[in-house]
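There are 2 protein chains.
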Amino acid sequence: MLSISQRGAAMPASPIRKLVPYAEAAKQRGTRVYHLNIGQPDIETPPQVLDAVRHSDFKVLEYSHSAGNESYRRKLVQYYHSVGVEVNHQQIIVTTGGSEAILFGFMACLDAGDEVIIPEPFYANYNGFAVAAGVTVVPVTAQIDTGFALPPIAEFEKLITPRTRAIVICNPNNPTGYLYSRAELESLKELVVRHGLYLFSDEAYREFSYTGELLSVLHLQGADEHLVVMDTISKRYSACGARLGALVTKNQAVLDAAMKFAQARLSPPSFAQIAGEAAIDLPADYFEGTKAEYQRRRDLVVRRLNEMPGVYCPNPGGAFYAMARLPIDDSDAFCQWLLEHFSYQGATVMLAPATGFYGTPGLGKQEVRLAYVLNLEALDAAMDCLAEALKVYPGRR
Amino acid sequence: MLSISQRGAAMPASPIRKLVPYAEAAKQRGTRVYHLNIGQPDIETPPQVLDAVRHSDFKVLEYSHSAGNESYRRKLVQYYHSVGVEVNHQQIIVTTGGSEAILFGFMACLDAGDEVIIPEPFYANYNGFAVAAGVTVVPVTAQIDTGFALPPIAEFEKLITPRTRAIVICNPNNPTGYLYSRAELESLKELVVRHGLYLFSDEAYREFSYTGELLSVLHLQGADEHLVVMDTISKRYSACGARLGALVTKNQAVLDAAMKFAQARLSPPSFAQIAGEAAIDLPADYFEGTKAEYQRRRDLVVRRLNEMPGVYCPNPGGAFYAMARLPIDDSDAFCQWLLEHFSYQGATVMLAPATGFYGTPGLGKQEVRLAYVLNLEALDAAMDCLAEALKVYPGRR
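Order-wise, the sequence lines are chains A and B. With our numbering applied, the first sequence has no gaps in its numbers, which climb one by one up to 398 at the end. With our numbering applied, the second sequence has no gaps in its numbers, which climb one by one up to 398 at the end.
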């Protein structure tokens, strides 16, 4: 009889969503809420990017090529060249956000019942795409005490079964901000080659690398067939609402299979491709400004966190997230309490409990993720709130 | 070892795509190609819709709500009210094109191994979404001699198994242009209620109804839990490149499940929602102009086709497609021959072989689909080409 699908039931709800009603109630009480819970930057989208859309003069808003406009793909070739990645326009499928690149990668490479190994904590929506594709996520735990470095390769090896098909990384990492080193990427490459696996690399935050070189898995040599990059302009140009990403690989069979999924949904959004094409022509120093701003924010947040008694926050090398260990009983309860029962100078802070980023039940109860997507003044005030909150939280340990 | 997924291999390629290289070669030889093969209208997108985007003045291109901007959903409530459908904004999930509405509907309601019954010929991409969801499409054949009317309910009943979960219709129909009557929709409603099935209704062409009343399955009474509408602005406002659609249902469990898939992909495109919102404010007579234009085109194409010896084309009641039976051996071979070996007064015509729209192997070999998306003059010239081609085609029967 009439019921939703098992996968619809198994599909995880957003781990942050359950806190939204508490945030809304806090605002209705007149409390200011500092949103450090989501990766929506306050950085302005470059005017040149928005103006390209605003000054467009076509008459019919047509479908584009299913792989994206060839003119945009050729521009992307230039962009990848500028970051040291040599691909041609036929090795790029333009997608509706990085989300669709993840979905196409999973659909093209993985079958129901297959397993993917993902270092945890990881971007919670990988769970969603895994459920959509019928794939099992097998977590391998990264430790806050090593700054969330890549777990030892031996830990990956232990988890490989005949159903393992891929390893998924996000670099620089959401939610930890960890920037994988070239040595770590090389060790992953050797692992996937040795075991005949795919290495999916979500590089949404590629430009936001503060402590090391900007690295893509496509810089790795001798493993082209194994490497699939999921990319997006959302964070790079503060253009999350464009919904424009790309799947990039030199594996022709994967391109051919992904292309069939791309054809089924007809085309990626046309307005966004105009914006994306203009973005490639931004001045070469565009990222320096945004990177410097994010680095100042990171420095502030990490310093303030580590000054709080009992708090530990490793210094993230990239992206715009920090994971902190707090002296609390339960991060879900704490984040809800912050919204429901706490305010300091008329304000409180919304954080993401880390439990939503772990696949292993029970992990993340002392950790929260902070997205430093607000200006320095707001971040400083948010840190004041958190410091005061930790003094009075009933579940403090 | 490294290989693509079975579902990637099973995924059907676009049935028209294999003809594209022949069309490109024809153009390189200097032959004009009349494209009646795809549903990309030449009708201009209403300037008010494009101007809303061009005159927007936000600074940050942000994610929207995962269900779409509330302001847009409230506008859509007005739109649905204007076509006699009463829903509230929480019964609408804004999607990235009608394509994503189909995907979310399938994912939320169907599991791998489940079956959906679809009257054939049907929109070929349903196959793609079915493969993505692991679902089996069971075709029930509509006959050209009845104008592709709904097959008798008894034919559906014969195909229902314990794994049958849904019936999918497209109304008005792509590829046949058939407009289901109220009586046909009522009989489908009784069927899905009796067997505990979903009725998915793709209503992309809702406004393009020439011979009868504009009907949505949401006009049906007493079956709210069973009815899921997949909608899009692509054809309605000639805005295919926006990639903006909607899943509409009064079934709360389906909404809740679909919403989790919507959250995983974060949000639908933001530019498109600005366009979509402006479209609701178009003058009430906007559709009269486009409908009258399409009706003139339909009348021309159907008359010209039926004047050709051995050709039969039922008069479609809606959408902008016609299916014609031609005196030919094989529609795939014929459509390729038109591009590869034929021209008349420097031009030829690109058609869609009907084989791609049937699930039953062997059907559609004498049929082609024509999209009347060009102006009257071009359509007339295209019909001249087709008439001449049928006189000389070596595979004529």
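Ideal Cβ placement from N, Cα and C applies to all residues, glycine included. Only a predicted model underlies this, so the values are computations on that prediction, with no experimental measurement involved.
Opening and closing residue of the alpha helix (DSSP H) in which residue i lies
i: B:F1; result: Past the edges of chain B, shown from 2 to 398, lies residue 1 of chain B, and the structure says nothing about it.
i: B:I119; result: Run containing B:I119: none in the alpha helix (DSSP H); it sits in the beta strand (DSSP E), E116 to E121.
i: A:H196; result: R183 to H196
i: B:R305; result: Y287 to E308
i: A:M260; result: Q253 to A265
i: A:R75; result: E71 to S83
i: B:P140; result: Run containing B:P140: none in the alpha helix (DSSP H); it sits in the beta strand (DSSP E), T137 to T142.
i: B:L228; result: Per DSSP, B:L228 belongs to no alpha helix (DSSP H); it is in the beta strand (DSSP E), L228 to T233.
i: B:I44; result: Taken as a continuous stretch (DSSP letters only), B:I44 belongs to no alpha helix (DSSP H), as it is neither H nor E.
i: B:G277; result: S271 to A280
Neighbour list for residue i in chain A, Cβ cutoff strictly below 9 Å
i: B:N1; result: Because chain B in this structure spans residues 2 to 398, residue 1 of chain B falls outside the shown range and cannot be described.
i: B:A258; result: I5, S6, R8, G9, A10 and M12
i: B:L37; result: Residues of chain A passing the Cβ test: none, with the nearest at roughly 16 Å.
i: B:L200; result: Here the premise fails: no neighbours, minimum Cβ distance about 11 Å.
Residue i: contacting residues in chain A (beta-carbon distance under 7 Å)
i: B:V54; result: V54 and F272
i: B:Q91; result: Per Cβ cutoff of 7 Å: no residues; B:Q91 is ~14 Å from chain A at best.
i: B:Q41; result: E63 and Y64
Per-residue contacts from residue i into chain B (C-beta, under 9 Å)
i: A:E116; result: Those within 9 Å of A:E116 in chain B number zero; the least Cβ separation is about 13 Å.
i: A:S188; result: The contacting residues do not exist; A:S188 stays about 19 Å from chain B at best.
i: A:F321; result: Within 9 Å Cβ-Cβ: nothing; A:F321 doesn't reach chain B, min ~14 Å.
i: A:T97; result: T97, G98, E101, R244, R266, P269 and P270
i: A:A133; result: L104, M108, A133, A134, F262 and A265
i: A:T291; result: None at all; the shortest Cβ gap to chain B is about 13 Å.
i: A:G129; result: K261, F262, Q264, A265 and R266
i: A:L160; result: Going along chain B, no residue has its Cβ under 9 Å from A:L160, so there is no contact; the nearest lies around 18 Å.
N-terminal and C-terminal residue of the beta strand (DSSP E) that residue i is part of
i: B:R33; result: R33 to H36
i: B:R166; result: T165 to C171
i: B:G246; result: G246 to T250
i: B:R23; result: This sequence places Tyr at residue 23 of chain B; Arg is not what is there. Segment V21 to Q29 is the alpha helix (DSSP H) holding B:Y23; no beta strand (DSSP E) there.
i: A:I154; result: A:I154 -> not in any beta strand (DSSP E); alpha helix (DSSP H) instead, spanning I154 to L160.
i: B:F201; result: Y199 to D203
i: B:I5; result: Run containing B:I5: none; DSSP gives neither H nor E here.
i: B:I93; result: I93 to T96
Closer than 8 Å at the beta carbon, the chain A residues around residue i
i: B:R18; result: Q264
Short CB-CB distance (under 8 Å) between residue i and chain D
i: B:A14; result: As a matter of chain content, chain D is missing from the structure shown, whose protein chains are A and B.
Contacts of residue i in chain B (Cβ-Cβ under 7 Å)
i: A:I329; result: Those within 7 Å of A:I329 in chain B number zero; the least Cβ separation is about 26 Å.
i: A:H227; result: L3
i: A:V255; result: I5
i: A:R8; result: M108 and D112
i: A:A372; result: By Cβ distance, chain B contributes nothing, its closest Cβ being about 13 Å from A:A372, past 7 Å.
i: A:E45; result: K60 and V61
i: A:L352; result: Neighbours of A:L352 on chain B: none; closest Cβ ~18 Å, over 7 Å.
i: A:L387; result: By Cβ distance, chain B contributes nothing, its closest Cβ being about 24 Å from A:L387, past 7 Å.
Contact set between residue i and chain B, taken where Cβ atoms lie within less than 8 Å
i: A:S239; result: V61 and L62
i: A:T137; result: Here the premise fails: no neighbours, minimum Cβ distance about 14 Å.
Expected contact under 8 Å - CB spacing of residue i and residue j to nearest Å
i: B:Y35; j: B:V350; result: 5 Å
i: A:Y421; j: A:E121; result: With chain A represented from 2 up to 398, any question about residue 421 of chain A goes unanswered, as that position is not in the structure.
i: A:A259; j: A:I94; result: 5 Å
i: B:A11; j: B:V132; result: 5 Å
Give a yes or no on contact between the segment 168-188 of chain B and the segment 147-156 of chain B, applying the rule of three or more CB pairs nearer than 8 Å. yes
Considering only residues of the segment 346-383 of chain A, which uninterrupted beta strand (DSSP E) runs meet the minimum length of 3 residues and lie entirely inside it, listed in chain order? 348-351 and 368-372
Threshold first: 4 residues or longer. Then list the alpha helix (DSSP H) segments lying entirely within the segment 310-349 of chain B, N to C. 332-341
Contact between the segment 263-279 of chain B and the segment 133-141 of chain B (3+ Cβ pairs under 8 Å): no
Any contact of the segment 294-302 of chain B with the segment 238-257 of chain B, i.e. 3+ C-beta pairs under 8 Å? no
Does the structure place the segment 266-276 of chain B close enough to the segment 47-62 of chain B that three or more beta carbon pairs sit under 8 Å? yes
Cβ contact check for the segment 2-21 of chain A and the segment 200-207 of chain A: 3 or more pairs under 8 Å: no
Counting beta carbon pairs with one atom in the segment 74-90 of chain B and one in the segment 101-117 of chain B, are three or more of them shorter than 8 Å? no
Does the structure place the segment 283-291 of chain B close enough to the segment 354-374 of chain B that three or more beta carbon pairs sit under 8 Å? no
Three or more C-beta pairs closer than 8 Å, one from the segment 307-322 of chain A and one from the segment 361-375 of chain A: is that the case here? yes
Contact between the segment 255-270 of chain B and the segment 237-244 of chain A is defined here as three or more beta-carbon pairs at a separation below 8 Å; is this criterion met? yes
Closer than 8 Å is the cut-off here; do at least three beta carbon pairs connect the segment 24-41 of chain B with the segment 212-220 of chain A? no
Are there three or more Cβ pairs, one per stretch, closer than 8 Å when the segment 173-180 of chain A is compared with the segment 322-333 of chain A? yes
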